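The next block holds one structure in the form of C-alpha coordinates; read it before the comments.
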Amino acid sequence: MQRGYSTIVFCIWLFAGFFGNAQPAYQNTVLNELISFNEKMKSDRLLVSINDTIIADKTFRGKANDKFLIYSITKVFSGMAIGILIDDHLIDHPEVPVATFFNEWRNDSLKSKITIRHILQHTSGLFTQAGSRDIYDQPDFVQYALGSKLVTEPG
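Residue numbers (this note's numbering): 889 to 1043.
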(Lines of atoms letter the chains of each structure in order from A and count residues from 1; the text may use other names and numbers.)
(Lines give C-alpha, C1' and ligand atoms only; values in the text may rest on other atoms or scores of the structure.)
Protein backbone atom coordinates (compact mmCIF):
# COMPACT_ATOMS: atom_id res chain seq x y z
CA MET A 1 0.00 0.00 0.00
CA GLN A 2 1.62 3.24 -1.14
CA ARG A 3 0.52 6.60 0.19
CA GLY A 4 1.83 10.15 -0.02
CA TYR A 5 1.93 10.48 3.74
CA SER A 6 3.49 8.55 6.55
CA THR A 7 1.60 5.48 7.62
CA ILE A 8 1.12 5.11 11.32
CA VAL A 9 0.65 1.67 12.74
CA PHE A 10 0.09 1.25 16.43
CA CYS A 11 1.33 -2.08 17.68
CA ILE A 12 0.76 -2.30 21.39
CA TRP A 13 1.70 -5.08 23.70
CA LEU A 14 -0.21 -4.89 26.95
CA PHE A 15 1.04 -7.05 29.75
CA ALA A 16 -1.12 -9.30 31.86
CA GLY A 17 -0.31 -7.18 34.89
CA PHE A 18 -2.23 -4.29 33.36
CA PHE A 19 -5.29 -6.16 32.19
CA GLY A 20 -4.99 -9.33 34.29
CA ASN A 21 -5.99 -7.68 37.57
CA ALA A 22 -8.69 -5.49 36.09
CA GLN A 23 -12.41 -6.16 35.94
CA PRO A 24 -13.72 -7.30 32.52
CA ALA A 25 -15.85 -4.14 32.16
CA TYR A 26 -12.74 -2.03 32.68
CA GLN A 27 -10.86 -4.11 30.11
CA ASN A 28 -13.55 -3.52 27.52
CA THR A 29 -13.71 0.20 28.30
CA VAL A 30 -9.94 0.60 27.93
CA LEU A 31 -9.84 -1.47 24.77
CA ASN A 32 -12.76 0.45 23.23
CA GLU A 33 -11.08 3.77 24.11
CA LEU A 34 -7.86 2.55 22.51
CA ILE A 35 -9.68 1.53 19.34
CA SER A 36 -11.57 4.83 19.23
CA PHE A 37 -8.38 6.84 19.79
CA ASN A 38 -6.56 5.05 16.96
CA GLU A 39 -9.48 5.56 14.61
CA LYS A 40 -9.52 9.31 15.43
CA MET A 41 -5.74 9.50 14.92
CA LYS A 42 -6.23 8.06 11.42
CA SER A 43 -4.16 4.99 12.18
CA ASP A 44 -4.13 2.34 9.51
CA ARG A 45 -4.03 -0.61 11.86
CA LEU A 46 -4.20 -1.53 15.53
CA LEU A 47 -3.03 -4.81 17.01
CA VAL A 48 -3.28 -5.54 20.73
CA SER A 49 -1.83 -8.74 22.15
CA ILE A 50 -1.81 -10.01 25.74
CA ASN A 51 0.14 -13.13 26.67
CA ASP A 52 0.43 -14.24 23.04
CA THR A 53 -3.33 -13.83 22.49
CA ILE A 54 -4.58 -11.22 20.05
CA ILE A 55 -7.47 -9.39 21.72
CA ALA A 56 -7.90 -6.69 19.06
CA ASP A 57 -6.97 -6.67 15.39
CA LYS A 58 -8.55 -3.67 13.73
CA THR A 59 -7.91 -2.35 10.23
CA PHE A 60 -9.13 1.23 9.81
CA ARG A 61 -7.88 1.88 6.27
CA GLY A 62 -6.81 -0.52 3.58
CA LYS A 63 -7.15 -4.27 3.80
CA ALA A 64 -6.15 -6.51 6.69
CA ASN A 65 -3.38 -8.19 4.66
CA ASP A 66 -1.88 -4.94 3.30
CA LYS A 67 1.73 -4.20 4.15
CA PHE A 68 2.24 -0.93 5.97
CA LEU A 69 5.42 1.09 6.10
CA ILE A 70 6.06 1.71 9.78
CA TYR A 71 8.85 4.28 9.41
CA SER A 72 9.87 5.69 12.81
CA ILE A 73 8.14 2.96 14.78
CA THR A 74 11.15 0.79 13.96
CA LYS A 75 13.11 2.90 16.48
CA VAL A 76 11.23 1.17 19.28
CA PHE A 77 12.32 -2.25 18.07
CA SER A 78 15.89 -1.12 17.33
CA GLY A 79 16.25 0.37 20.80
CA MET A 80 14.83 -2.77 22.39
CA ALA A 81 17.22 -4.97 20.37
CA ILE A 82 20.22 -2.88 21.47
CA GLY A 83 19.04 -3.13 25.09
CA ILE A 84 18.87 -6.92 24.78
CA LEU A 85 22.38 -7.02 23.27
CA ILE A 86 23.66 -4.95 26.21
CA ASP A 87 21.85 -7.15 28.76
CA ASP A 88 23.31 -10.25 27.08
CA HIS A 89 26.80 -8.65 27.19
CA LEU A 90 27.16 -8.82 23.40
CA ILE A 91 27.89 -5.08 23.29
CA ASP A 92 29.06 -2.97 26.21
CA HIS A 93 26.94 0.18 25.82
CA PRO A 94 25.36 2.41 23.16
CA GLU A 95 28.54 4.52 22.88
CA VAL A 96 30.29 1.68 21.02
CA PRO A 97 31.42 2.93 17.58
CA VAL A 98 29.58 1.32 14.66
CA ALA A 99 33.02 0.89 13.04
CA THR A 100 33.61 -1.85 15.61
CA PHE A 101 31.29 -4.01 13.50
CA PHE A 102 31.90 -2.60 10.00
CA ASN A 103 35.41 -2.38 8.54
CA GLU A 104 34.21 0.11 5.91
CA TRP A 105 34.12 2.88 8.55
CA ARG A 106 37.23 2.05 10.59
CA ASN A 107 39.66 4.22 8.62
CA ASP A 108 37.27 7.13 8.01
CA SER A 109 38.07 9.91 10.49
CA LEU A 110 34.40 11.00 10.82
CA LYS A 111 32.43 7.80 10.23
CA SER A 112 34.60 6.00 12.79
CA LYS A 113 33.11 8.38 15.41
CA ILE A 114 29.51 7.30 14.74
CA THR A 115 28.18 5.33 17.71
CA ILE A 116 25.21 3.05 18.12
CA ARG A 117 23.53 5.88 20.06
CA HIS A 118 24.00 8.23 17.07
CA ILE A 119 22.28 5.71 14.81
CA LEU A 120 19.41 5.20 17.28
CA GLN A 121 18.94 8.96 17.76
CA HIS A 122 19.32 9.84 14.07
CA THR A 123 22.32 12.06 14.83
CA SER A 124 24.95 10.18 12.83
CA GLY A 125 25.40 12.98 10.30
CA LEU A 126 24.75 10.64 7.37
CA PHE A 127 23.17 12.26 4.33
CA THR A 128 19.60 11.54 3.33
CA GLN A 129 17.58 13.35 0.73
CA ALA A 130 14.13 11.96 1.50
CA GLY A 131 14.50 10.63 5.04
CA SER A 132 13.78 6.97 5.57
CA ARG A 133 12.15 6.70 2.13
CA ASP A 134 15.65 6.71 0.59
CA ILE A 135 16.48 3.35 2.09
CA TYR A 136 13.32 1.37 1.27
CA ASP A 137 14.15 1.01 -2.43
CA GLN A 138 17.64 -0.29 -1.71
CA PRO A 139 18.41 -3.99 -2.21
CA ASP A 140 20.83 -3.89 0.76
CA PHE A 141 20.00 -1.42 3.56
CA VAL A 142 23.30 -1.94 5.37
CA GLN A 143 25.52 -1.38 2.33
CA TYR A 144 23.48 1.68 1.41
CA ALA A 145 23.99 3.18 4.87
CA LEU A 146 27.68 2.27 4.96
CA GLY A 147 28.20 3.97 1.60
CA SER A 148 26.24 7.13 2.49
CA LYS A 149 28.06 10.44 2.69
CA LEU A 150 28.52 12.26 5.94
CA VAL A 151 27.25 15.86 5.84
CA THR A 152 27.94 16.80 9.44
CA GLU A 153 29.97 15.51 12.33
CA PRO A 154 28.15 12.84 14.37
CA GLY A 155 26.21 14.09 17.35
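In this text, a Cβ means the ideal position worked out from N, Cα and C, and glycines have one as well. All figures in this text were calculated on a predicted structure; none of them were measured in a lab.
Item, Value
"In the DSSP assignment, what residue or residues form a beta bridge with residue 1003?", "985"
"Could you please give me the residues that DSSP links to residue 1038 through a beta bridge?", "1014"
"The alpha helix (DSSP H) spanning residue 968 covers which residue range?", "962 to 975"
"Does the region 975 to 986 come close enough to the region 1021 to 1031 that 3 or more CB-CB pairs lie under 8 Å?", "no"
"Mapping the DSSP letters down to three states, classify residue 1033 as helix, strand or coil.", "helix"
"May I ask you to report which of helix, strand or coil DSSP gives residue 920?", "helix"
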